[in-house]
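Participant: Input: one structure, supplied below.
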Amino acid sequence: NIIVAGTNDKDMYAAAVAVIKMRGGLCAVLDGKVLAGVPLPIAGLMSDAPALEVHQQLDRLHHAATTQLGCKIRRPFMAMSFLALSVIGSLKITDRGLIDVDRFQPIPLFVSS
8 NIIVAGTNDK
18 DMYAAAVAVI
28 KMRGGLCAVL
38 DGKVLAGVPL
48 PIAGLMSDAP
58 ALEVHQQLDR
68 LHHAATTQLG
78 CKIRRPFMAM
88 SFLALSVIGS
98 LKITDRGLID
108 VDRFQPIPLF
118 VSS
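Quick note, the sequence shown lines up with residues 8 to 120 if you use this note's numbering.
Take a look at the structure:
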């Protein structure tokens with residue numbers, strides 16, 4: 008499962024490809040170029056790298072997101088991770104689509120007029 012958020016298809020595609028090549032992880036992309044990344048090759052959730060190395064990668068990732076991408080959220084990747092955790096909160100993105108957790112029902116992604 009991959010969650011991608013962005014403003015254009017080219018960068019979102021580049022981010023998805025980068026995460027697949029890392030065998031899981033997090034990355035920030037601008038103009039098709041990976042600015043920073045954190046490989047998480049163990050089930051796409053954990054790293055086998057030393058803690059200090061992962062910490063430095065996360066610092067570079069958050070710095071890229073805030074300074075180069077203009078993100079206003081302090082830890083945007085943590086927020087995105089919780090979006091996919093389908094048991095916490097009222098609205099979640101899952102492999103089955105957008106779900107109203109309180110009612111256990113999918114929410115349509117398109118509104119017809």
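Every residue gets a Cβ at the ideal spot worked out from N, C-alpha and C, and that includes glycine. Quantities reported herein were computed from a predicted structural model and do not represent experimental measurements.
(1) I need the DSSP call for Lys-40, collapsed to helix, strand or coil.
(2) Enumerate, from N- to C-terminal direction, the unbroken beta strand (DSSP E) stretches of 3 or more residues contained entirely within the segment 31-87.
(3) Run through the DSSP bridge pairs and tell me what Thr-101 is partnered with.
(4) Between the Cα of Pro-48 and the Cα atoms of Met-85, Val-94, Lys-28, which residue gives the shortest distance?
(5) Measure the CB-CB distance between Leu-90 and Lys-79 and report whether it falls below 8 Å.
(6) Any contact between the segment 60-75 and the segment 30-44? By contact I mean 3 or more CB pairs, one from each, below 8 Å.
(7) Provide the residue span of the alpha helix (DSSP H) that contains Ala-25, from first to last.
(8) What's the call for Val-45, buried or exposed, on a 16-neighbour Cβ count within 10 Å?
Facilitator: Result, derived from the coordinates:
(1) It is a strand residue.
(2) 32-37, 40-46
(3) Gly-104
(4) The candidate whose alpha carbon is nearest that of Pro-48 is Lys-28.
(5) no
(6) yes
(7) 16-28
(8) buried
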